[in-house]
DNA sequence: TGCATTAATGGTAGCGCTACCATATGTAGG
DNA sequence: CCTACATATGGTAGCGCTACCATTAATGCA
């Protein structure tokens with residue numbers, strides 16, 4: 002009844018035999034080398050190399066009910082935002098023998114819950130999860146997962162364990178304040194489909210304008226699906242989620258319907274690029290007649306003509322630090338600060354560069 | 002000597018006990034439901050739901066020496082090119098119970114070889130790998146992996162099993178021909194760090210120009226690291242790999258050093274965007290004085306002012322079709338055509354829209 | 001009616017590894 | 001010299017599942 006061993010794959014027993022030691026010693030040499038004499042360690046290393054032995058992590062997981070998988074939950078792969086974050090996570094991996102498993106929640110709580118259940122059942126080494134709006138059930142599963150959990154890309158006072166990110170509301174607020182500061186008064190908000198975090202930015206925009214009695218709900222210009230689920234994106238040309246074309250259309254609509262608007266705060270750089278093109282096509286002076294601001298600081302923002310004002314956030318760093326935090330905790334280090342605010346930078350560029358002089362004039366013109 | 006069972010996790014035995022059947026029957030109900038009577042199937046489903054049973058894929062892999070992991074090898078996560086491909090792969094996953102494991106080769110053969118070794122040893126359900134330039138050792142491992150292999154994003158006459166992609170050389174060739182057709186004569190090639198595939202496009206560019214005796218190596222304008230390894234990218238603002246700023250600098254250099262250049266073919270849309278901004282900043286007429294063409298057809302290309310000519314390639318579709326091909330083969334379907342050419346489209350837009358009238362004039366002017 | 005064949009289910013023995021103990025050695029302390 | 005205790009190594013029994021057979025009941029067909 003012996004089951005055939007596919008002779009191809011060397012096992013720990015083969016290594017042990019070749020090195021003339023017990024299998025368990027090989028296992029130790031791999032996992033806790035300090036507990037094996039230097040001499041044996043050397044012999045074993047040799048055997049491993051000769052046989053090109055690679056441990057089977059399935060067997061390892063089964064035997065130890067632990068894995069070396071870091072599960073990463075992101076809401077979307079569509080946006081370069083999360084590509085950068087994921088890249089940071091991968092870059093933070095190097096030199097460890099951890100593995101990464103990306104799970105895509107598609108901005109859907111039910112999917113997220115199912116994924117988390119599946120993940121915790123498989124005893125990951127750690128979990129990195131985007132945002133703070135997990136359902137109660139999801140949160141409970143995470144709390145009981147018995148591994149390091151890092152939330153990213155947002156902030157809250159009550160992280161599950163640790164959170165690394167920044168405040169979207171404050172980012173929206175500060176950028177809007179900047180626009181007001183330099184003299185814009187009729188500031189529209191351009192947006193595509195909104196998730197929780199982009200909604201927080203809208204919130205910041207609103208608060209900043211209300212501080213000055215400048216808020217006008219009619220100036221929230223929105224395109225794209227109105228659903229809770231994000232629209233499906235396949236090839237970018239059919240993008241109803243977020244695109245420069247959408248930004249261009251939004252800008253044109255704004256100019257047509259609200260001729261008194263003197264600045265647009267775009268919920269995403271992609272939109273701001275479209276807004277810029279719309280203005281160029283109509284020969285509208287930027288920043289004189291219209292100011293433009295975006296969010297993310299993608300590479301093209303500073304190269305644009307005029308260079309586009311935006312909020313720089315630290316996507317790569319966020320992923321990278323999350324991974325480093327995970328690795329620290331797995332090495333037994335202290336968890337450190339539970340809340341890490343990476344902040345953001347208001348990149349004041351030519352597209353909103355009105356002198357306060359011009360600002361005053363503009364304020365007058367607004368009247 | 003009994004090892005403690007962490008009571009938390011229900012096993013197949015628990016389900017079997019609750020359903021009053023043997024464990025193996027539960028196993029079958031999950032994997033080959035048609036071999037279990039409808040009645041038992043129903044009972045078992047109930048038990049699974051009551052216990053929230055989730056199979057342990059580590060144990061499954063160990064027992065069956067097979068996994069449900071589709072390994073995906075990409076050379077980079079930096080470029081939105083591969084983000085789109087990966088997104089297509091994930092989208093193609095839905096409804097299956099396959100899992101995805103992304104491995105990043107960093108354009109490095111040695112890393113790729115190590116990753117492939119590690120992957121094949123773990124018996125993946127299938128492998129999707131970018132490009133065709135695997136080392137002999139890598140190729141041999143893949144050939145002996147005993148699972149479906151799909152190469153993507155390029156073409157060759159001798160795929161390992163199946164390849165889904167398009168010809169970069171032909172894309173470069175056709176775009177360059179278009180530029181010549183509409184009358185451009187001194188056509189520069191703008192590029193950052195080049196990988197094998199972008200080099201193929203350069204090759205196409207060269208061939209097209211040589212057809213007309215227009216090739217001039219001095220017009221290959223290049224920035225970024227000259228190494229075989231790609232430069233590291235962290236936050237996009239420090240991007241020495243590929244950025245709009247680089248495109249802008251390249252365009253400015255081209256204008257300064259080669260005032261007779263009348264068109265630029267950018268190896269990437271990102272560069273073409275920078276090139277556009279450079280021209281706008283100098284008030285240079287596009288497409289009159291300078292024509293601009295890119296490669297990829299990112300969303301902003303058609304929104305730009307003027308809309309930018311480019312090569313549309315099918316990134317999402319490439320990943321998606323690769324995944325569907327994998328699923329088909331795993332279901333036992335025929336492998337189908339070994340070579341799937343997804344092609345590309347030359348998107349002729351305003352940035353190269355010279356009438357043939359103007360083209361002739363320009364031809365004259367060149368003399 | 002008898003015997004081959006199929007359909008439906010179960011038992012047992014691993015898959016490759018590590019947790020848990022047991023067993024040698026060496027080394028210090030009384 | 002003996003105990004105590006750390007250091008270094010090994011043996012055994014699973015982890016949760018499925019491959020491989022075995023078994024039983026139901027069906028087909030001469």
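Protein chains in written order, with the working numbering: chain A, 2 to 368; chain B, 2 to 368. We put the CB at the ideal spot given by N, CA and C, even for glycine.
- Taken atom to atom, the span from the alpha-carbon of residue 31(A) to that of residue 309(A) is near 52 Å.
- Within chain B, 78, 103 and 105 have C-beta atoms less than 9 Å from the C-beta of residue 91(A), given in sequence order.
- Put simply, the backbone Cα of residue 255(A) is about 46 Å away from that of residue 156(B).
- Secondary-structure assignment with DSSP links residue 267(B) through a beta bridge to 191(B).
- Annotation: residue 20(B) to residue 326(B) spans about 37 Å, alpha carbon to alpha carbon.
- The contact set of residue 43(B) on chain A, defined by CB atoms closer than 7 Å, is empty, because the minimum CB distance reaches about 22 Å.
- Fewer than three pairs of CB atoms, one per stretch, sit closer than 8 Å, so the stretch 257-266 of chain A makes no contact with the stretch 315-331 of chain A.
- The DSSP-derived three-state label of residue 163(B) is strand.
- Assignment of beta-bridge partners to residue 346(B) by DSSP yields 313(B).
- Ranked by Cα distance from residue 323(B), the first of 282(B), 46(B) and 150(B) is 150(B).
- Between the alpha carbons of residue 165(A) and residue 96(B) lies a gap of roughly 33 Å.
- DSSP places residue 203(B) in the uninterrupted alpha helix (DSSP H) bounded by 197-212.
- Taking 8 Å as the threshold, the shortest C-beta distance from residue 97(A) to chain B does not fall below it.
- Residue environment: residue 335(B) is assigned as exposed (fewer than 16 neighbouring CB atoms within 10 Å of its CB, all protein chains considered).
- Listed in chain order, the beta strand (DSSP E) elements of length 3 or more contained wholly in the stretch 68-147 of chain A are 70-75, 100-105 and 127-131.
- For residue 173(B), the CB contacts under 6 Å within the same chain, skipping 5 residues up- and downstream, are 202, 205 and 206 in chain order.
- Listed along chain A, the residues sitting closer than 9 Å to residue 55(B) by beta-carbon distance are 118, 119, 122 and 123.
- A direct Cα-to-Cα measurement between residue 127(A) and residue 72(A) gives close to 6 Å.
- Residue 45(A): member of the alpha helix (DSSP H) spanning 39-52, first to last residue.
- Boundaries for residue 308(B): no alpha helix (DSSP H) harbours it, and the DSSP string shows neither H nor E there.
- In the structure shown, the three-state DSSP call for residue 183(B) is coil.
- Taken through DSSP and simplified to helix, strand or coil, residue 223(A) comes out as strand.
- In the same chain as residue 268(B), and ignoring 5 residues on each side of it, the C-beta atoms closer than 8 Å to its own belong to 190, 191, 192, 193, 195, 199, 202, 203 and 296, in chain order.
- By the criterion of at least three beta-carbon pairs nearer than 8 Å, the stretch 110-128 of chain B is not in contact with the stretch 97-116 of chain A.
- The alpha carbon of residue 345(A) has as its nearest neighbour, out of 52(A), 277(A) and 170(A), the alpha carbon of 170(A).
- Shown here for residue 178(B): same chain residues with a beta carbon closer than 7 Å to its own, the five before and five after excluded, namely 209 in chain order.
- The DSSP-derived three-state label of residue 22(B) is coil.
- Judged by pairs of C-beta atoms under 8 Å, the stretch 93-110 of chain B touches the stretch 64-79 of chain B, as three or more such pairs exist.
- The beta carbons of residue 197(B) and residue 293(B) sit no closer together than 8 Å.
- Taking C-beta atoms under 8 Å as the contact rule, residue 252(B) and residue 276(B) qualify, at a distance of about 4 Å.
- In chain order, 78 make up the part of chain A whose C-beta sits under 8 Å from the C-beta of residue 87(B).
- At a C-beta separation below 9 Å, residue 322(A) has no neighbours in chain B, since its nearest C-beta there lies roughly 12 Å away.
- Interface with chain B (8 Å Cβ-Cβ cutoff): residue 278(A) is included.
- The Cβ atoms of residue 339(A) and residue 163(A) lie closer than 8 Å to each other.
- For a Cβ distance threshold of 7 Å, residue set 246 of chain A lies close to residue 303(B), ordered along the chain.
- Nearest to residue 184(B) by alpha-carbon distance, out of 159(B), 213(B), 168(B) and 158(B), is 213(B).
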